[in-house]
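To start, the structure under review is shown below, and the notes come after it.
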Amino acid sequence: MTRTPASALYWRILGINGLIFALGTAVLAVAPVTISSFVLLRELPVLAVGLAVMMAANALLLRASLAPLEGLTTLMARLDSLRSGDRLATSRNGDLFHLVDQFNAMLDRLEADRSTSTAIVLDAQEAERRRIAQELHDEIGQSLTVVLLELKSVVNRAPADVAEELRGVQETVRSSLDEVRHVARRLRPGVLDDLGLTSALTALATDFSATSGPRIARHIQPLEGLSPNAELVIYRIAQEGLTNVWRHAAAQNAELSLTQAPDGRITLRIVDDGSGPPAKPGSGIHGMQERAMLIGAHLTITPAPTGGTGGTGGTGGTEVKLTVPPASRRTDV
1 MTRTPASALY
11 WRILGINGLI
21 FALGTAVLAV
31 APVTISSFVL
41 LRELPVLAVG
51 LAVMMAANAL
61 LLRASLAPLE
71 GLTTLMARLD
81 SLRSGDRLAT
91 SRNGDLFHLV
101 DQFNAMLDRL
111 EADRSTSTAI
121 VLDAQEAERR
131 RIAQELHDEI
141 GQSLTVVLLE
151 LKSVVNRAPA
161 DVAEELRGVQ
171 ETVRSSLDEV
181 RHVARRLRPG
191 VLDDLGLTSA
201 LTALATDFSA
211 TSGPRIARHI
221 QPLEGLSPNA
231 ELVIYRIAQE
241 GLTNVWRHAA
251 AQNAELSLTQ
261 APDGRITLRI
271 VDDGSGPPAK
281 PGSGIHGMQE
291 RAMLIGAHLT
301 ITPAPTGGTG
311 GTGGTGGTEV
321 KLTVPPASRR
331 TDV
């Protein structure tokens, strides 16, 4: 019969119990202790001590054999599908090391499948964004531009009172054209493809500062060794983080920083002095966590350090921090 981990554990427990009872029988056989056919009161302590010793030995041996089950239960309770790398340490001397190895292997497969599926979905999303941005720029943008030119020609020939009204229409069309271009840039920032991540983040912070939202200070360091996928992930997380600050945080100030440590580790931080982290993460935060997983990065969303942003003295606020490991340990889609 094939020896499986389950059968091995069965025979191990059976052997432990058999050994304990055999030792107990041997001790009673050689010990100068007799038991009457009717147990006397003075013999009860001897029996109680013997039973206690056997049960204690049995409990200790079984606890050592089944200890990995407690670790597995704890791991399953704290396991987060959006946090990778959480595994249970194995010891080749344990009785359940096969179970632990298979559980860790299962987690590896699940995380690999999730990363692959997420990468496919996000790639399709980026392709769709690129297509929509291109259509907005090439079709709607050009159509609005033609409308502006025709309006200009009409204004030049129209009577003064009508021309004044047409100028108002011109401004509305021009505003719509600017909005279309802004949406197209947010869907697929051409500056990211043309000039790189540093320029794209600078332009992103400038765009948000130009709105009626919080004032955004930026500290962006030029980076080395980033792949296009990693750059896109960092940009999208920064974009979503600033969007959350603008829409939900009710902040007056925010700070966007991107730094690279001497060991190659890259840190993106978005700190605001607003109302603090959300009580329940929404779809935007889940999307940020999924993107971080794609490049093996670690994302945390916590209350901002005391002092607010830039030492403004606030006590609330949120800190979004993305830590990207060095290039030798980063995985790209």
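FYI, the numbering for the sequence shown is 1 to 333, going by UniProt numbering.
Note that the Cβ used here is the ideal one computed from N, Cα and C, for glycine as well.
- Contact annotation, I295 with V320: C-beta distance approximately 16 Å; criterion of less than 8 Å not satisfied.
- DSSP assignment within the segment 220-273 yields the following whole alpha helix (DSSP H) runs of 4 residues or more, N-terminal first: 228-244.
- If you keep only unbroken alpha helix (DSSP H) runs of at least 4 residues inside the segment 282-311, you get 283-294.
- As DSSP reads the structure, I216 sits in a beta bridge with A254.
- Taking T202 as the centre and dropping the five residues before and after it, the same chain places the C-beta of R218 and I220 closer than 7 Å to its C-beta, in chain order.
- For L187, the enclosing alpha helix (DSSP H) covers residues A160 to L187.
- Around the CB of D273, 16 or more other CB atoms lie within 10 Å, so the residue is classed as buried.
- Proximity to M293 across L204, V180 and A119 peaks at A119, based on C-alpha coordinates.
- Cβ atoms of I285 and A254 stay farther apart than 8 Å, at about 17 Å.
- The three-state reading of DSSP puts K152 in helix, counting H, G and I together.
- With fewer than 16 other Cβ atoms from the protein chains shown falling within 10 Å of its own Cβ, R87 counts as exposed.
- For L322, the enclosing beta strand (DSSP E) stretches over residues T318 to V324.
- The C-beta distance from L151 to L166 rounds to 6 Å, short enough to meet the 8 Å contact threshold.
- Under the three-state reduction of DSSP output, S117 falls in the helix class.
- Measuring C-alpha to C-alpha distances from H248 to each of V173, T116 and G317 identifies G317 as the nearest.
- Distance from the CA of V53 to the CA of A261, rounded to the nearest whole angstrom, comes to 59 Å.
- The beta carbon of E231 lies closer than 6 Å to those of L197 in the same chain, with the five residues before and after it left out.
- Rounded to whole angstroms, the Cβ separation of E240 and G282 is 10 Å, and the two are not in contact under 8 Å.
- In chain order, S199, A200 and A203 place their CB closer than 7 Å to the CB of V191, counting only its own chain and leaving out the 5 sequence neighbours on each side.
- In this structure, L322 places its C-beta atom within 9 Å of the C-beta atom of I237.
- For D193, the enclosing alpha helix (DSSP H) covers residues G190 to L195.
- Rounded to the nearest angstrom, the gap between the Cα atoms of E171 and D194 is 30 Å.
- Our two residues, T243 and E70, have alpha carbons roughly 42 Å apart in a direct line.
- Sixteen is the threshold: when 16 or more other Cβ atoms of the shown chains lie within 10 Å of the Cβ of V245, as they do, the residue is buried.
- Between L148 and R185, the CB-CB gap reaches or exceeds 9 Å.
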